[in-house]
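As structure tokens, the structure follows; a few thoughts come after it.
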Amino acid sequence: MVFARNQWYVAAYSQEVGDGLLARTVCGEPLVLYRTRAGEAVALTDRCVHRRFPLSESNRDGDDIVCGYHGFTYAPDGVCVAVPGQTRVPRTARVPAFQIVEQDSLVWVWIGEGEGDAKAIPRAPWLDSPGYVTVRGMEHLDARYELLVDNLLDLSHETYLHAGYIGTPEVAQTPITTEVDEDAGVIYVSRRMKDVECPSFYRESTGIEGRIDRWQDIEYHPPCLYLLHSRIAPTGIEPGPDGDDPRACHAEIVYAITPETETTTHDFWMVARDFALDDEGVSEFLAESNRTVVLQDVEALNTLEKVIATEPEGYQELSINIDTGGLAARRILQRQTAR
Amino acid sequence: MVFARNQWYVAAYSQEVGDGLLARTVCGEPLVLYRTRAGEAVALTDRCVHRRFPLSESNRDGDDIVCGYHGFTYAPDGVCVAVPGQTRVPRTARVPAFQIVEQDSLVWVWIGEGEGDAKAIPRAPWLDSPGYVTVRGMEHLDARYELLVDNLLDLSHETYLHAGYIGTPEVAQTPITTEVDEDAGVIYVSRRMKDVECPSFYRESTGIEGRIDRWQDIEYHPPCLYLLHSRIAPTGIEPGPDGDDPRACHAEIVYAITPETETTTHDFWMVARDFALDDEGVSEFLAESNRTVVLQDVEALNTLEKVIATEPEGYQELSINIDTGGLAARRILQRQTAR
Amino acid sequence: MVFARNQWYVAAYSQEVGDGLLARTVCGEPLVLYRTRAGEAVALTDRCVHRRFPLSESNRDGDDIVCGYHGFTYAPDGVCVAVPGQTRVPRTARVPAFQIVEQDSLVWVWIGEGEGDAKAIPRAPWLDSPGYVTVRGMEHLDARYELLVDNLLDLSHETYLHAGYIGTPEVAQTPITTEVDEDAGVIYVSRRMKDVECPSFYRESTGIEGRIDRWQDIEYHPPCLYLLHSRIAPTGIEPGPDGDDPRACHAEIVYAITPETETTTHDFWMVARDFALDDEGVSEFLAESNRTVVLQDVEALNTLEKVIATEPEGYQELSINIDTGGLAARRILQRQTAR
Chain A
22 MVFARNQWYV AAYSQEVGDG LLARTVCGEP LVLYRTRAGE AVALTDRCVH RRFPLSESNR
82 DGDDIVCGYH GFTYAPDGVC VAVPGQTRVP RTARVPAFQI VEQDSLVWVW IGEGEGDAKA
142 IPRAPWLDSP GYVTVRGMEH LDARYELLVD NLLDLSHETY LHAGYIGTPE VAQTPITTEV
202 DEDAGVIYVS RRMKDVECPS FYRESTGIEG RIDRWQDIEY HPPCLYLLHS RIAPTGIEPG
262 PDGDDPRACH AEIVYAITPE TETTTHDFWM VARDFALDDE GVSEFLAESN RTVVLQDVEA
322 LNTLEKVIAT EPEGYQELSI NIDTGGLAAR RILQRQTAR
Chain B
22 MVFARNQWYV AAYSQEVGDG LLARTVCGEP LVLYRTRAGE AVALTDRCVH RRFPLSESNR
82 DGDDIVCGYH GFTYAPDGVC VAVPGQTRVP RTARVPAFQI VEQDSLVWVW IGEGEGDAKA
142 IPRAPWLDSP GYVTVRGMEH LDARYELLVD NLLDLSHETY LHAGYIGTPE VAQTPITTEV
202 DEDAGVIYVS RRMKDVECPS FYRESTGIEG RIDRWQDIEY HPPCLYLLHS RIAPTGIEPG
262 PDGDDPRACH AEIVYAITPE TETTTHDFWM VARDFALDDE GVSEFLAESN RTVVLQDVEA
322 LNTLEKVIAT EPEGYQELSI NIDTGGLAAR RILQRQTAR
Chain C
22 MVFARNQWYV AAYSQEVGDG LLARTVCGEP LVLYRTRAGE AVALTDRCVH RRFPLSESNR
82 DGDDIVCGYH GFTYAPDGVC VAVPGQTRVP RTARVPAFQI VEQDSLVWVW IGEGEGDAKA
142 IPRAPWLDSP GYVTVRGMEH LDARYELLVD NLLDLSHETY LHAGYIGTPE VAQTPITTEV
202 DEDAGVIYVS RRMKDVECPS FYRESTGIEG RIDRWQDIEY HPPCLYLLHS RIAPTGIEPG
262 PDGDDPRACH AEIVYAITPE TETTTHDFWM VARDFALDDE GVSEFLAESN RTVVLQDVEA
322 LNTLEKVIAT EPEGYQELSI NIDTGGLAAR RILQRQTAR
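Protein chains in written order, with the numbering used here: chain A, 22 to 360; chain B, 22 to 360; chain C, 22 to 360.
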């Protein structure tokens, strides 16, 4: 399996990692995740060295994992500390332990060579900041992660696939601008709509009535982190000269795109907002609506994966202007994978 | 995938093609079928040129199809007439449109090279003639079409697989005559039974009591059209010298055998009769009985396909006289495929 | 598919083979099993020579099988005695008939070259002896038979996978002795526990209260027959000098390990006991408990098979002392397969 291994990936939400043993595969690498009594998140290879039994289907003994098949016991650093029927533990008995960084409510894992540079992890501070409230979820895709990248970098699909939720005719009609920072490896796609219809997703959550200005500023940090800075304001309201923008509503829509296998993906989605912070009803509405939108994507992408499985070698797609960001993303992902 | 592509295939019944978008795969070729407001049946490749989304899961806008993912819009000739975010449509943006001929209540499609010769399509006029009433259905086979061809060209299996419906001991006992018109590519297999038991299928539908003469005259036009001219008459009743045969009952049993993939098949079945024309009860009985018989075949052929999947390379069948027609069919199909 | 074909395998329990047509695949070889009116067990290839229809989905006519598709008829020796539409039966029309030996309530089959040596079949006399009562069952494994061999030769897993049933901490703690008779091709693994806890499996069935001496003497005859001589006695009770041992309880636990395909297995399990012979409640308890234990193994081994399907080439296991018997078994199985 070919993945960009020397990259940081989101393995889980912080809240998912606790006393239990969580199985999650990242780029074909089976991991077991848990949290020590001291609160440290741990990621080990999810295979006992003895007869490959999944440690995630085993039991904890304090901070150690005791294999559910023959009792091989592993400390959080992956070193085997006990085996059955003998007191001597073979020196080579250890499972790989992976470097973890918890940040912005996300558990990032490094499955690459050597030590990963924690400072290279892209940020999504809204997810864990005062002044923002976040709803989130995770869906499993039976489709390769590249299809999700394509999907998220070309939001013109909102008009067709998500009509009635976040899609309006103006999304597909409005041209985009695309910029690629090749050095930093970041892609920016921007669509600024003026005096347009407000989709129900934002009308019901922000309470704005009438026409709006709507900005969709995408910032994609391949391979894993996708940020959509969404600004909704009554038409004509502009940010102040120093960037302050109190009369607009901001939704920071974050995706972590983590390949599971070559043809399946973990689709982590989050919506952080700076409006209606105390309104539980808005949280429920956004969680429910965004999940519906994500599931519409899941269904479409799963369909595309099935189509790919039956298509002849050398099938050619046709790309147009809206695909500029997606094509740049493919180029960067290929470069990262080749490394 | 290897198919006899330069041949006509039944893609659908005429009545199936209407306002909706019908997905159907013929010889590995994914098609979307629909009918224009002027009544013309259309078959396009079921893949948007942009990101391969199935057009059959999209929407119609008048006679056009608007892709459900990003809104690429196609006219009935396959030409793309609109794309999102820009006014210029790329010149190469078009999906293949396939030649269609509607005839005898069947929608024939040409997926081969160049233009197909409509006059080469074999006829089944009873399906759409006064003086005949037809019942029909379609089953999906998880088995290669060759197994259905084998099945239909050797009706001795009626005695065993369809006992109690159309099978009686005499079917398997009566020898057949086989003729092959190599130039026209047509196979004739004939079994003429004299003074035999009438199976319930015909006893209950024709009302004939007592012994019968029963003819089974097969006419197979590879690859797709199979005709079984079935004549049932009280024993001793013969056709007149000029072919008129008013005291016999005739059932024209028609199959269209359309490969979907290498190992799956669309099994279209029809029973046209020249008796009990106004008797709705007979129609219901024949539809129900024939469907039961077809499903018995489906179950057996699906089993054979699973057997083939596990059998060693170079497995050898043993053939006898009853297989003469089936072996001739294989020879012609191989010739058509090699072309 | 690579199997040790020149070996005896258990195809069925004697009680499974009767008037019906039983389909069972042994080492990739599809068989149909039945019993003649004279009481002889028969095993034929489960494929009609004509169009490969499974004979197990056909019908009996006295001692013959009549194919359910076209009526080819086979005698118990596999010779075809009738075909449809003609009186001459082709001389080559026959399906392979396999050598069967019924012994110890088991139906052994020889799928290898030439004639198998019936005297080479290992014995399990308790299954069909006065003085013993047997409970039994059979589970289907979605895992290769080698995983079951591994499982059964290393009982330290009882402590972890079967805790509360047959596992106690002492099983994993107690060292084993392993002997291999290379000439006879038999592996002996012995674990003798003194003054240990009695697991519920034996406490409730033997009625022994308090601490026990517990022997687990494994005798594996690759590929198919596994015997576990289990002795349970109140601590300190020893067998007499001539081997008589009336104050101990003996359970003869027998497995027949029959590969179905490369990755699936028939897991025949039996428990014969020399205690509580007339106690139906003990029979029910042992049948139920042992089935639970077997299903715990099935679940674990099915998981391992899935793990193997995703693991990279050249994956290395780590083995320790407890694996000595299992590794010897692999060596002998490889030798048998290479032959």
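Built from N, CA and C at the ideal position, the CB exists for glycine as well.
Looking at the C-beta of residue i, does it have a partner C-beta in chain B at a distance below 7 angstroms?
i: Gly83/C; result: no
i: Leu348/A; result: no
i: Ala193/A; result: yes
i: Val102/A; result: no
i: Ala25/C; result: no
i: Val314/A; result: no
i: Arg58/C; result: no
From what residue to what residue does the alpha helix (DSSP H) around residue i run?
i: Tyr166/B; result: Tyr166 to Leu174
i: Gly106/A; result: Segment: none, Gly106/A is in no alpha helix (DSSP H) and carries neither H nor E.
i: Tyr223/B; result: Ser221 to Thr227
i: Asp318/B; result: Glu301 to Thr331
i: Tyr181/A; result: Glu179 to Leu182
Check the Cβ-Cβ distances between residue i and every residue of chain C, and say whether any is below 7 angstroms.
i: Gly106/A; result: yes
i: Ser177/B; result: yes
i: Val53/A; result: no
i: Tyr181/B; result: yes
i: Val217/B; result: no
i: Asn311/B; result: no
i: Val210/B; result: no
i: Val70/A; result: yes
i: Leu16/B; result: Since the displayed chain B opens at 22 and closes at 360, residue 16/B lies outside it and no answer follows.
i: Pro196/B; result: yes
i: Arg165/A; result: no
Would you kindly work out how many angstroms separate the C-alpha atoms of residue i and residue j, rounded to a whole number?
i: Ser310/A; j: Leu176/C; result: 53 angstroms
i: Gln337/C; j: Glu78/A; result: 21 angstroms
i: Pro105/B; j: Arg73/B; result: 15 angstroms
i: Thr155/A; j: Asp171/A; result: 25 angstroms
i: Ala141/A; j: Arg312/C; result: 54 angstroms
i: Glu230/A; j: Trp147/A; result: 26 angstroms
i: Gly92/B; j: Ala277/A; result: 27 angstroms
i: Thr94/B; j: Thr113/B; result: 13 angstroms
i: Val292/C; j: Ala272/C; result: 7 angstroms
i: Glu218/C; j: Ile86/C; result: 55 angstroms
i: Arg25/B; j: Arg351/B; result: Note that residue 25/B corresponds to Ala in the displayed sequence, not to Arg. Near 12 angstroms, if we compare the C-alpha coordinates of Arg351/B and Ala25/B.
i: Gly185/B; j: Ile187/C; result: 55 angstroms
i: Pro194/C; j: Thr331/B; result: It should be noted that the sequence gives Gln, not Pro, for residue 194/C. Roughly 45 angstroms separates the two Cα atoms.
When DSSP builds the beta bridges, which residues end up paired with residue i?
i: Glu240/A; result: Tyr209/A and Leu248/A
i: Cys270/A; result: Ile253/A
i: Asp40/C; result: Per DSSP, none; premise fails for Asp40/C.
i: Ala139/B; result: Beta-bridge pairing links Ala139/B to no other residue.
i: Thr155/A; result: Ala293/A
i: Ile278/C; result: Asp288/C
So is residue i in contact with chain A if we call contact Cβ pairs under 7 angstroms?
i: Ser323/C; result: Note that residue 323/C is Asn in the sequence shown here, rather than Ser. Taking Cβ atoms only, chain A never reaches closer than 7 angstroms to Asn323/C, which makes this a no.
i: Val207/C; result: no
i: His161/B; result: no
i: His91/B; result: yes
i: Ala16/B; result: Outside the modelled stretch of chain B, which goes from 22 to 360, sits residue 16/B, for which no answer is possible.
i: Ile343/C; result: yes
i: Arg360/B; result: no
i: Arg73/B; result: yes
Could you pull the start and end residues of the beta strand (DSSP E) that residue i belongs to?
i: Glu50/B; result: Glu50 to Arg56
i: Gln120/A; result: Ala118 to Gln124
i: Phe289/C; result: Thr285 to Arg294
i: Arg81/C; result: Asn80 to Asp82
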